[in-house]
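Before any comments, here is the structure.
There are 4 protein chains.
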Amino acid sequence: MPRKSSSKATKAPPASSIPEKAQVANWRNAENRNERGRLIHEALFTAAAEIVGERGYEDTSITLITQRAGVAQGTFYNYFESRQDILDQLLPRLGKEMLSYVGQCSRQGNTVLEREELGFRGFYTFLKIHPHFFRILNEAPSFAPRAYQAHIELVRSGYMRFLKRAMENGEIKGFDEREIEVAAFVMMGARLYLGHYAARVGDDNDPDIPDWVTQAYCKLISHGLIGGA
Amino acid sequence: MPRKSSSKATKAPPASSIPEKAQVANWRNAENRNERGRLIHEALFTAAAEIVGERGYEDTSITLITQRAGVAQGTFYNYFESRQDILDQLLPRLGKEMLSYVGQCSRQGNTVLEREELGFRGFYTFLKIHPHFFRILNEAPSFAPRAYQAHIELVRSGYMRFLKRAMENGEIKGFDEREIEVAAFVMMGARLYLGHYAARVGDDNDPDIPDWVTQAYCKLISHGLIGGA
Amino acid sequence: MPRKSSSKATKAPPASSIPEKAQVANWRNAENRNERGRLIHEALFTAAAEIVGERGYEDTSITLITQRAGVAQGTFYNYFESRQDILDQLLPRLGKEMLSYVGQCSRQGNTVLEREELGFRGFYTFLKIHPHFFRILNEAPSFAPRAYQAHIELVRSGYMRFLKRAMENGEIKGFDEREIEVAAFVMMGARLYLGHYAARVGDDNDPDIPDWVTQAYCKLISHGLIGGA
Amino acid sequence: MPRKSSSKATKAPPASSIPEKAQVANWRNAENRNERGRLIHEALFTAAAEIVGERGYEDTSITLITQRAGVAQGTFYNYFESRQDILDQLLPRLGKEMLSYVGQCSRQGNTVLEREELGFRGFYTFLKIHPHFFRILNEAPSFAPRAYQAHIELVRSGYMRFLKRAMENGEIKGFDEREIEVAAFVMMGARLYLGHYAARVGDDNDPDIPDWVTQAYCKLISHGLIGGA
DNA sequence: AATGAATGAGAGTTCATTCAT
DNA sequence: GATGAATGAACTCTCATTCAT
């Protein structure tokens, strides 16, 4: 009765051929103890981020992390409490980088719509620059749920500030504050989900959004899909 | 330097205290061999679905599944090829149930907007009835990516049929077909993401969507957020 | 410190591509119960012999045997006590066939030497006809030691009869009876070992002995290697 | 129809009652890390050799090896790649020890015959000293075929050097080089097979060769069995 | 007598974590 | 602080055997 068919080893790609970066930071040349500590911490963090990006949280082992960081296994536990600890730190930190980058992009615009469009584009540009981030973000609900909730909260509050200002400016009408929050979530979901959409075509970890998608998205949020006069 | 604080075992709930359901189906009283086989298969499937719903794919072991189903470990392999096999079957089957249910709901409506609203509500009703589905769906990209892609495709094509008919009816204007697809993805993303929104308030696996959220969502997709006259 | 190198999976060949014979005997058409029983027994025995020949004792499972014999797993235990039971029966029966065949060959000769040469050749001919026998015999010391000892005893006693008659005829001189036994063992070892010799060149399970090897062997046992006048 | 009789568990001895040696090396008292590593490696290797000698390759499990070596199961994998890895190393290493020992014995002699006799005796002395070697060697064709072929090759080439020198000295006449090789194989087979002969009488793993056997063997190879003038 | 699903002990292996050096 | 070997619990999966039908 077992299904013989297709799904064999349908899981994550083996990723054995992914070229591993050179050891992340040459902490052995550090000037003093503090500096050395900082560099090792950094090396471990970066190694973990890369590996999660390449192979997913599940296949990220301490062995792999320390090997790539160029330190001994035991050293890991001088910098992080546990495997889960470092996994939990990935999204918060990279998420903040993302928000900062996207915020900078967004602020170039003058109207809400312009800003949303620039933020939207900026998100996908960030993914290009940090190819590991998409997977780190996507798998976080499963593997670092607390961190994920915190990230969502951060994004939400940023969006809310942005949208409330627009309400005050009169650029958004007909929505009260809690409705605005719904919109914020829809827009957050759109970014993530259109990433998957891109993945339908291209590489899973390298979503590429064509221009007309951006425009369709903008059209949708500005005039709606259905009742558009 | 390690973070002593909060993050300890921030992942899945310890779960040893999760009340396990009684053995899922009393297959021992089956009338004949075929029936017994069916019941065991069912018991294994249901057990797996419940456990993934409660603890996530990663912590779903064969031991746990067979214990809950009330069969020996070896029995598992009479019904499924491997652990991955059963995990791969979860979403396809439950996903189809979901689509069928949501489709039925949606078809009660007369206009596109009504239908979308009913489908939207139906989705969350389904989550109430099948509290494990949300996590099974959410973690699928990481643990059953093939199944996930297939599911997305199914949802997308259903949505597209729905929206194209609306275009033909003249209920949707100003969007060409590929733009419609973008809208479809945004709407799919909205449902999932508002599930997380609900999770902010209530229980992670039991998203509850208040009425005004639905209405805000409908307002958004019908008139847009920004340019709304 | 582990050895990374060569020896990975150095063991038995996977043998998955070996063409499996059709189900061995169509016992379903048997005329009466006794006949059917006989046919099933035969089918199981033959299947086991083939599989041991192809994959070795270790990889010979009940599942494999019954599948090839075309009966259900449980049926096996109506005919044999256990897996070990059937493995123990392989060599005794096939060994007797071998002895009978080789004996017939040998008896065509007139002198001891002729007879030994014909027996020697006959042994390798038998291996050609029964390609499974070599492996069944070779692995028997590990997997069916009792059967192996019994086989050795059979061969030894045959050899002894043969050689003692030659002593009585005056064809062998200068050896007493227990020394004759040593010679018998050396000759038995030679046959087996030259099989391995052949395997150095050709296929492991298909030893092929060139003519000059036979002649060198005969020269050795007739005049000795060293003191040869 | 099943054979109720004798053959029950005719295979390996039950072995639960085999007195296990004390933990092989008290590595806990090692002076430094390197030394400890060496001792553990040694303990694992020796444990494996002993167990294979007592119960055969098939029944040699990681659990058994590590228990006897007095280390945790996981420790095994710090020293060997896999179960097969250690099994593959047994014969090469012990085989070389054997050859070295036998070679030393042999070189005490002056004539070919003397040397062959001393080598022959030396082989059985080695078996006395290393009672596990016989089974390790005998079962190797089934369980470590690559290692076995390599061993055969080693023995063969040693024998060939020995015999060719004797040809050049004029101690062997009437054989060309490839015929010499046949003789080498016969002699290798004789040693192994007379081990089995001894096993008929004594303990399986402790072959004891009486003096007259050696002499009969020497007579056979020096003057031949049959045509002896 | 034939079936084939259920069983469960036991296998090899992985890996987060500890800790003596 | 850095090291890396030792640990052992936990995992998935196999398969000889049993037994109700």
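Chains as they are written, first to last, in our numbering: chain P, 1 to 229; chain Y, 1 to 229; chain V, 1 to 229; chain W, 1 to 229.
Cβ atoms here follow ideal geometry from the backbone N, Cα and C, with glycine treated the same way.
All values reported here derive from a predicted model rather than from experimental measurement.
Original post:
Are the beta-carbon atoms belonging to V/Ala-183 and V/Leu-163 less than 8 Å from one another?
Top reply: The sequence position of residue 183 of chain V within the third sequence is 183, counting from 1. The sequence position of residue 163 of chain V within the third sequence is 163, counting from 1. Yes, these two residues count as a Cβ contact at 8 Å.
**OP:** Say whether chain P places a C-beta atom closer than 8 Å to the C-beta of Y/Tyr-159.
**Re:** Taking the first residue of the second sequence as 1, we reach residue 159 of chain Y at position 159. No, its Cβ sits nowhere closer than 8 Å to a Cβ of chain P.
**OP:** Tell me whether V/Ala-22 sits in a helix, a strand or coil according to DSSP, three-state version.
**Re:** Sequence index remark: in the third sequence, residue 22 of chain V carries index 22 (1-based). Its pLDDT being 47, under 50, V/Ala-22 is placed unreliably by the model, and the measurement read from it follows with that caveat. Coil at V/Ala-22, not helix or strand.
**OP:** Using 10 angstroms around the beta-carbon of V/Gly-74, count the other beta-carbons present and answer buried if the total reaches 16, otherwise exposed.
**Re:** The residue labelled residue 74 of chain V in the question sits at position 74 within the third sequence. Exposed: under 16 other Cβ atoms inside 10 Å.
**OP:** Give a yes or no on whether 8 Å exceeds the smallest Cβ distance from Y/Pro-272 to chain P.
**Re:** Any question about residue 272 of chain Y goes unanswered here, given that chain Y covers just 1 to 229.
Original post:
Looking only at its own chain, which residues have a Cβ that is under 7 Å from the Cβ of P/Ile-51, when we skip the five neighbours before and after it?
Top reply: For this step, residue 51 of chain P is matched to residue 51 along the first sequence. Counting only Cβ-Cβ distances below 7 Å, and skipping sequence neighbours, we find Thr-60, Leu-64, Ile-65 and Arg-68.
Subject >> Buried or exposed by the 16-neighbour rule on C-beta atoms within 10 Å, applied to P/Pro-210 >> reply: As a first step, residue 210 of chain P is located in the first sequence; it is residue number 210 there, counting from the start. It is exposed - the Cβ of P/Pro-210 has fewer than 16 other Cβ atoms within 10 Å.
Original post:
Below 8 Å, can you find three or more Cβ-Cβ pairs linking the region 132-150 of chain Y to the region 172-182 of chain P?
Top reply: no
**OP:** Determine the chain P residues that contact Y/Gly-189 at a beta-carbon separation under 7 Å, and present them in chain order.
**Re:** Sequence index remark: in the second sequence, residue 189 of chain Y carries index 189 (1-based). In chain order: Gly-189, Ala-190, Leu-192 and Tyr-193.
Subject >> Closest by C-alpha distance to V/His-132, when choosing among V/Cys-218, V/Arg-93 and V/Phe-120 >> reply: Counting from 1 along the third sequence, the entry for residue 132 of chain V is found at position 132. Nearest option by C-alpha distance: V/Arg-93.
Original post:
Taking Cβ positions only, does W/Ser-61 come closer than 8 Å to chain V?
Top reply: Counting from one through the fourth sequence, the residue named residue 61 of chain W turns up at place 61. Not closer than 8 Å to any Cβ of chain V, the Cβ of W/Ser-61 fails to qualify, so no.
Original post:
If the cut is a Cβ gap below 9 Å, which residues of chain V does W/Asn-34 touch?
Top reply: Start at 1 with the first residue of the fourth sequence, and residue 34 of chain W comes out as number 34. Here the premise fails: no neighbours, minimum Cβ distance about 11 Å.
Original post:
Buried or exposed: where does P/Asp-176 fall if 16 or more other Cβ atoms within 10 Å of its Cβ makes it buried?
Top reply: The residue labelled residue 176 of chain P in the question sits at position 176 within the first sequence. Classification of P/Asp-176: exposed, given that the 10 Å Cβ count is below 16.
Subject >> Sub-8 Å separation of Y/Ala-30 and Y/Leu-44 beta-carbons >> reply: Stepping through the second sequence from its first residue, residue 30 of chain Y is reached at position 30. Stepping through the second sequence from its first residue, residue 44 of chain Y is reached at position 44. No, the Cβ-Cβ distance between Y/Ala-30 and Y/Leu-44 is not below 8 Å.
Subject >> Cβ of P/Val-71 within 8 Å of any chain Y Cβ >> reply: Reading the first sequence from its first residue, position 71 is the one you call residue 71 of chain P. It does not: the Cβ of P/Val-71 has no partner Cβ on chain Y nearer than 8 Å.
Subject >> Inter-residue Cα distance where the pair is P/Thr-125 and P/Met-188 >> reply: For this step, residue 125 of chain P is matched to residue 125 along the first sequence. For this step, residue 188 of chain P is matched to residue 188 along the first sequence. About 16 Å.
**OP:** Take every Cβ of the region 90-107 of chain V, pair it with every Cβ of the region 153-167 of chain V, and state whether three or more of those distances are shorter than 8 Å.
**Re:** yes
Original post:
Applying the criterion that 16 or more other CB atoms from any shown protein chain within 10 Å of the CB defines a buried residue, is W/Ala-22 buried or exposed?
Top reply: Counting from 1 along the fourth sequence, the entry for residue 22 of chain W is found at position 22. Low confidence applies here, because W/Ala-22 scores a pLDDT of 46, under 50, leaving its location unreliable; read the following figure in that light. Around the CB of W/Ala-22, fewer than 16 other CB atoms lie within 10 Å, so the residue is classed as exposed.
Original post:
How many Å lie between V/Ala-216 and W/Leu-118 at the Cα?
Top reply: On the third sequence, position 216 is the one that residue 216 of chain V refers to. On the fourth sequence, position 118 is the one that residue 118 of chain W refers to. Taking the straight line joining both Cα atoms gives about 24 Å.
Subject >> P/Asp-208, DSSP secondary structure in three states >> reply: Position 208 of the first sequence, counted from the first residue, corresponds to residue 208 of chain P. If DSSP states are grouped into helix, strand and coil, P/Asp-208 belongs with coil.
Subject >> W/Arg-107 in three-state terms, based on DSSP >> reply: What you label residue 107 of chain W is simply residue 107 of the fourth sequence in a count that begins at 1. In this structure, W/Arg-107 counts as coil in the three-state DSSP scheme.
**OP:** Work out the CA separation of P/Ser-222 and P/Gln-108 for me, nearest whole Å.
**Re:** Locating residue 108 of chain P in the first sequence gives position 108, where the first residue counts as 1. Locating residue 222 of chain P in the first sequence gives position 222, where the first residue counts as 1. Each residue's alpha carbon lies about 19 Å from the other.
Subject >> Partner residues on chain Y for P/Asn-138, Cβ-Cβ distance less than 7 Å >> reply: For this step, residue 138 of chain P is matched to residue 138 along the first sequence. Per Cβ cutoff of 7 Å: Pro-141.
Original post:
So, does the CB of Y/Trp-27 fall closer than 8 Å to a CB anywhere in chain P?
Top reply: Mapped onto the second sequence, residue 27 of chain Y falls at position 27. Cβ-Cβ to chain P under 8 Å: no for Y/Trp-27.
Original post:
So is Y/Arg-28 buried or exposed if we call it buried at 16+ other beta carbons inside 10 Å?
Top reply: Position 28 of the second sequence holds residue 28 of chain Y. Exposed, since its Cβ has fewer than 16 Cβ neighbours within 10 Å.
Subject >> Residues of its chain near P/Gly-158, where Cβ-Cβ distance is below 8 Å and the 5 sequence neighbours each way are ignored >> reply: As a working note, residue 158 of chain P is residue 158 in the first sequence. Counting only Cβ-Cβ distances below 8 Å, and skipping sequence neighbours, we find Leu-99 and Gly-103.
Subject >> For V/Gly-170, the three-state DSSP class (helix, strand or coil) >> reply: Reading the third sequence from its first residue, position 170 is the one you call residue 170 of chain V. Secondary structure at V/Gly-170: coil, using DSSP grouped into helix, strand and coil.
Subject >> Reduced DSSP secondary structure (H/G/I, E/B, other) of W/Glu-81 >> reply: On the fourth sequence, position 81 is the one that residue 81 of chain W refers to. Residue state, collapsed to three classes: coil.
**OP:** Report yes or no: is there a C-beta of chain P within less than 8 Å of the C-beta of Y/Phe-120?
**Re:** The residue you call residue 120 of chain Y lines up with position 120 of the second sequence. Closer than 8 Å: no.
Original post:
What's the C-alpha gap between W/Gly-224 and V/Gly-195?
Top reply: By 1-based counting over the fourth sequence, the position of residue 224 of chain W is 224. By 1-based counting over the third sequence, the position of residue 195 of chain V is 195. Answer to the nearest angstrom: the Cα atoms are 21 Å apart.
Original post:
Quick one, which of V/Ala-147, V/Ile-136, V/Leu-220 and V/Ala-166 has its alpha-carbon nearest V/Ala-49's?
Top reply: Locating residue 49 of chain V in the third sequence gives position 49, counting from the first residue. For V/Ala-49, the nearest C-alpha among the options comes from V/Ile-136.
**OP:** Tell me, please, whether the CB atom of W/Val-52 is closer than 8 Å to any CB atom in chain V?
**Re:** Here residue 52 of chain W refers to the residue found at position 52 when the fourth sequence is read from its first residue. Not closer than 8 Å to any Cβ of chain V, the Cβ of W/Val-52 fails to qualify, so no.
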